[in-house]
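Residue numbers (the numbering used here), protein chains in the order written: chain H, 586 to 931; chain P, 21 to 425.
Just so you know, even glycine gets a beta-carbon here, dropped at the ideal spot from N, CA and C.
Following: one structure in structure tokens, then a few remarks.
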Amino acid sequence: MADYSTTQTPEAIEKKGFRRTLDDWYEKFNKFLIKIKFDKWKGWVYLAPCIILLLIFTGWPILNTLRMAFLEGYDTMLELGGEPFQFGIGNFTKVIQYRGFKDCLVNTMLLCVLTVPISTFLALLISVCLNAIGPLSRTLQTIYFLPYVTNSIAIGMVFAAMFNMVGTAFGGENELIVTAGIINNVIEFFGGTKINWINEGSSYWANIFVMVVYIVWNALPFKILILLGGLQSVNKQYYDAAKIDATPKWRVFTRITVPLLSPMIAYVVITGFIGGFKEYSSIVGIFGDDMGPTGDPRRLNTMVGFNYRFIAEEQGRASAAALILFAIIFVVTMINLYVSKKKTHF
Amino acid sequence: MKVVLQNLTKIFPSRSKKPGEEVVAVNDFTFEIPDGQLIGLLGPSGCGKSTTLYMISGLQEPTSGKIFFGDDDVTDLSPENRGVGLVFQNYALYPHMTVKQNILFPLQNLRGADRLTKEEMLERAYEAARLVQIDNLMDRKPSELSGGQQQRVAIARALVKMPRVLLLDEPLSNLDARLRLQTREEIRRIQKETKITTVFVTHDQEEAMSISDMIVVMKLGVVQQIGVPQNVYDDPSNLFVAKFLGTPPINVFEGHVKEGTLYLGGKMETEEVYEETKIPEVAEGEEAIPVTETKTRIVTTYEGGQPVLSVPGVADGPVTIGIRPEGFVVDPEGPMVCNLQNVEVMGRDVSVVSTHEASLNPTIRSIVDADSAIQLGAEHIRYSLKRHKVHLFDAETEERIYFEV
Ligand SMILES: Nc1ncnc2c1ncn2[C@@H]1O[C@H](COP(=O)(O)OP(=O)(O)OP(=O)(O)O)[C@@H](O)[C@H]1O
Ligand SMILES: [Mg+2]
């Protein structure tokens with residue numbers, strides 16, 4: 586800096602003055618920061634924008650849901666009109682007394698219990714196979730990942746096309762079928778009789794079967810992604826050791842691969858259950874807004890679907906239903922965590 | 021069970037498919053490991069020790085050559101069917117199983133006639149555990165064990181199925197110095213008790229020398245020398261082996277032999293001016309005019325130096341000289357004069373650090389008798405040499421030049 590004194594052009598002098606004010610400001614600012622102990626707080630300051638947004642868009646709605654659920658017959662419009670509501674658990678009892686409630690609960694549980702184990706097991710097999718093959722594994726990984734980046738309603742429509750029969754008077758005398766759907770074509774090709782999967786007059790279990798296939802297929806990519814990541818981080822030497830120990834393939838899978846992957850498997854199962862309890866759009870994708878085959882609307886209604894029906898009219902009951910769903914998910918997750926803590930190895 | 025390696029070669033192909041970039045990890049390894057012996061496979065990092073071991077175990081396939089267990093050709097046998105026990109460099113214990121489950125695991129894999137009952141399995145597992153003295157740790161997980169204990173579990177797991185051959189890949193490299201000493205004794209004891217043919221890989225020459233019946237010294241995939249440790253030490257076949265074995269390491273000098281006398285140093289490099297005539301390339305029909313250039317080159321001649329030993333029968337010429345630290349005898353009249361630097365007393369022995377202009381190492385370290393009359397603080401120290409501790413090597417090929425001891 587000694588050079589300044591010898592070569593002082595007018596600009597330099599001006600710059601120096603400018604610099605000095607800047608430096609002064611900077612120093613003052615620093616002193617201020619020290620005074621308010623900024624170091625201690627700066628983490629919070631940096632987080633503030635995010636936290637504020639979270640509070641507005643997540644925190645407040647949650648609190649409000651709690652509030653609405655415990656106010657008898659709550660309605661925003663009436664509240665704005667100044668009407669008071671009484672505290673009580675009436676919303677909950679009403680929700681449970683709904684005719685559809687039990688069915689929704691059963692449907693949701695059934696789909697969860699069927700799809701989570703199946704999809705987890707399949708994902709495990711597929712990721713082990715993907716991990717084992719050298720060439721093509723990149724391409725196949727991409728293919729398996731496709732459902733993940735595809736809109737679930739769109740997939741639902743494709744599935745509907747696979748299972749849908751187009752025509753009239755199924756099973757009747759003047760049956761007229763334009764197409765029985767791809768799946769039925771395949772079944773008939775192999776000499777089976779076609780099944781009414783999702784159309785009018787289809788059976789409940791046929792519907793459930795379609796939903797299970799669809800949900801499992803839809804759930805695979807995420808699970809494969811997680812499990813494959815887990816597999817790729819498993820030390821290859823365990824497999825060498827297993828080879829030296831003359832371990833049969835199946836035993837390698839059950840005694841080495843699965844235990845070493847158990848944290849990932851637990852994660853995939855828990856998130857699978859949480860997602861399963863929120864099943865909704867997949868059913869809309871195949872059965873449409875009615876959530877059931879023609880002639881039997883809401884047959885496949887789920888907890889979330891049940892909730893959506895209330896939101897417009899009965900905010901108090903919808904809130905109560907949401908809390909019930911939350912409680913169920915919470916309990917199931919706790920059970921999952923408890924079991925996985927006993928079964929996982931790390 | 022003797023193990024025979026016949027022209028065993030492993031070539032890892034290059035990634036870019038360019039020839040010449042491939043790695044010859046093991047080159048034409050032929051050796052018959054006698055039944056029940058412990059063989060130390062020794063060499064610097066990357067010389068192909070692990071690759072050799074993996075080929076014996078079957079985890080890697082040889083590019084060419086054959087492997088026999090006894091009289092059976094096992095070259096194409098998968099590792100499952102070879103019945104070897106392998107202790108990995110980092111043990112590879114199954115982290116989710118207890119020690120007991122780890123040791124039981126190979127037994128539970130047995131099928132058919134070899135299948136044991138549950139009680140027999142437990143008995144065998146405990147027997148193996150007792151052998152390596154971990155029978156009190158059976159219910160712990162590997163993460164709850166010290167490195168030495170883990171290593172012993174790995175040995176027990178390898179031993180429990182009574183392997184035909186036991187392979188150990190640098191099993192002691194993760195242990196501290198004391199534990200290493202203790203465990204290598206243990207490995208020796210276990211091997212003696214079980215009499216299983218064992219191959220032990222290490223890059224620590226002291227370790228290999230102390231427990232092996234025979235050692236194999238490798239360098240860049242090529243076997244340099246095979247023999248009983250003491251013989252290899254006393255009689256190295258080339259400079260690499262001589263340098264690799266022994267602590268402190270052998271002292272290396274440059275020198276030459278003239279008329280049956282070994283001289284240290286005496287190497288002279290002179291610049292010589294010479295003329296070179298070249299006929300340039302020209303097009304057809306033209307006349308080529310020779311061009312003469314004046315160039316210089318370095319010429320090495322040997323003249324003088326310090327005569328230290330008579331080596332009758334050795335041809336004149338430059339040699340590299342290796343002298344073991346214990347090959348020096350302090351002798352006021354001795355022919356070898358060194359600049360004394362430092363004297364370290366280590367109880368029974370005295371270690372003398374000195375320098376010599378012909379030395380290829382910065383310092384010379386010699387181990388001499390404590391009673392030797394060393395004049396501390398003197399500028400020079402004089403030595404005479406023990407003939408059988410002095411090895412001569414060809415200065416170019418580094419192969420041993422023998423002379424009469
Ligand atoms: N899978 C492989 N692909 C290509 N080259 C390999 C492979 N495995 C080993 N090599 C090369 O083969 C050579 C011998 O390797 P190896 O692992 O046998 O050495 P090592 O003697 O066991 O060394 P260290 O003491 O470091 O364990 C090395 O040059 C190594 O780079
Ligand atoms: Mg190695």
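Return the CA-CA distance between proline 310(P) and lysine 298(P), expressed in angstroms with no decimal places. 6 Å
At 9 Å on the CB atoms, spell out the chain P contacts of leucine 543(H), in chain order. Examination of residue 543(H) is not possible in this model, given that chain H is present from 586 through 931 alone.
Would you say methionine 586(H) lies against chain P (beta-carbon separation less than 7 Å)? Note that methionine 586(H) scores a pLDDT of 45, beneath 50, so its modelled location is shaky; the value from the coordinates is reported in the next line. Answer no: the Cβ-Cβ gap between methionine 586(H) and chain P never drops below 7 Å.
Just list the residues that DSSP pairs leucine 186(P) with in beta bridges. Gly105(P) and Thr218(P)
Could you give the first and the last residue of the continuous beta strand (DSSP E) run that contains threonine 29(P)? 23-32
Count the other CB atoms, across all protein chains shown, that sit within 10 Å of the CB of aspartate 588(H); report buried if there are 16 or more and exposed otherwise. Because the pLDDT of aspartate 588(H) is 48, which lies under 50, any placement of that residue in the model is unreliable, and the number read from its coordinates should be weighed accordingly. By the 10 Å Cβ count, aspartate 588(H) comes out exposed.
Nearest residue (CA-CA) to alanine 827(H), options Glu424(P), Ala178(P) and Glu364(P): Ala178(P)
In angstroms, rounded to a whole number, what distance separates the CA positions of glycine 324(P) and tyrosine 422(P)? 22 Å
With asparagine 110(P) as the anchor, note down where its alpha helix (DSSP H) starts and where it stops. Segment: none, asparagine 110(P) is in no alpha helix (DSSP H) and carries neither H nor E.
Can the beta-carbon of methionine 21(P) be found less than 7 Å from the beta-carbon of phenylalanine 88(P)? no
Examine ligand 2 and report whether any of its heavy atoms sits within less than 6 Å of the Cβ of serine 70(P). yes
Three-way DSSP call (helix, strand, coil) for glutamate 364(P) in this model: strand
According to DSSP, what are the bridge partners of methionine 288(P)? Thr321(P)
Using a Cβ-Cβ distance cut-off of 7 Å, determine whether threonine 832(H) contacts chain P. yes
So for serine 257(P), helix, strand or coil by DSSP? coil
Where do the N-terminal and C-terminal ends of the alpha helix (DSSP H) with glycine 168(P) fall, by residue? 167-179
Would you mind reading off the limits of the beta strand (DSSP E) that contains valine 349(P)? 348-350
From methionine 586(H) to threonine 606(H), what distance separates their C-alpha atoms? Since pLDDT at methionine 586(H) reaches only 45, below the 50 mark, its modelled position is unreliable, and no value is offered.
Looking at chain H, is there any beta carbon in it that lies within less than 7 Å of the beta carbon of asparagine 129(P)? yes
Buried or exposed by the 16-neighbour rule on C-beta atoms within 10 Å, applied to aspartate 830(H): buried
Report yes if the C-beta distance between methionine 888(H) and leucine 910(H) is below 7 Å; otherwise report no. yes
With distances taken from CA atoms, which of Met238(P), Thr222(P) and Glu41(P) is nearest serine 232(P)? Thr222(P)
At a Cβ threshold of 7 Å, is tyrosine 823(H) touching chain P? yes
Which residues mark the beginning and the end of the alpha helix (DSSP H) in which leucine 908(H) is found? 900-928
Identified DSSP bridge partners for isoleucine 87(P): Leu25(P)
Output the boundary residues of the beta strand (DSSP E) element that contains aspartate 48(P). 43-53
I need the straight-line Cα distance from leucine 28(P) to serine 404(P), nearest angstrom please. 45 Å
Do the region 707-717 of chain H and the region 796-812 of chain H meet, that is, are 3 or more Cβ pairs less than 8 Å apart? yes
By the DSSP assignment, the beta strand (DSSP E) with glutamate 140(P) in it spans what residues? No beta strand (DSSP E) holds glutamate 140(P); the alpha helix (DSSP H) holding it covers 138-151.
Could you give the uninterrupted runs of the alpha helix (DSSP H) lying entirely in the region 636-673 of chain H, keeping only those of 4 residues or more? 645-654 and 661-665
Distance, Cα to Cα, threonine 724(H) vs serine 65(P)? 38 Å
Where cysteine 689(H) sits in the DSSP three-state scheme: helix
Roughly how many whole angstroms lie between the Cα atoms of tyrosine 114(P) and asparagine 122(P)? 6 Å
Proximity of valine 23(P) and valine 185(P) at Cβ, strictly below 7 Å: yes
So, is arginine 684(H) buried or exposed, given that buried needs 16 or more other C-beta atoms within 10 angstroms? exposed
Below 6 Å, is the gap between the Cβ of alanine 393(P) and the nearest heavy atom of ligand 4? For ligand 4, the structure offers nothing, since it holds only ligand 1 and ligand 2.
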